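Engineer: Quick one: the structure is below, and I'll ask about it shortly.
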Ligand SMILES: [Zn+2]
């Protein structure tokens with residue numbers, strides 16, 4: 739299992755072995771949503787705020 743550093747609070751975020759690129763993970767510390775930018779090396783970025791999608 740890989741860990742990465744939260745870009746928001748700099749604590750370690752554990753990644754599931756099944757985690758995939760562009761998946762959203764939650765930082766256990768700051769509860770921020772992080773997108774997995776890449777897996778090798780593991781890079782996380784703050785996920786953009788998702789607005790309510792009411793459809794087209
Ligand atoms: Zn965090």
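In our numbering, the protein residues as written are 739 to 794.
Ideal Cβ placement from N, Cα and C applies to all residues, glycine included.
None of these values were measured; they are calculated from a predicted model.
#1: What residue does the beta strand (DSSP E) around residue 764 start on, and which one ends it?
#2: Which same chain residues, not among the five before or five after residue 776, have their C-beta less than 7 Å away from its C-beta?
#3: Kindly examine ligand 1 and report whether one of its heavy atoms sits closer than 7 Å to the Cβ of residue 799.
#4: Once the 5 residues before and after residue 784 are set aside, which same chain residues still bring their CB inside 7 Å of it?
#5: With DSSP collapsed to three states, give me the class of residue 755.
Structural biologist: On the basis of the coordinates in this document:
#1: 762–764
#2: 759
#3: Nothing can be reported for residue 799: it is not among the residues displayed for the chain, which extend from 739 to 794.
#4: 745, 746, 770 and 772
#5: Coil at residue 755, not helix or strand.
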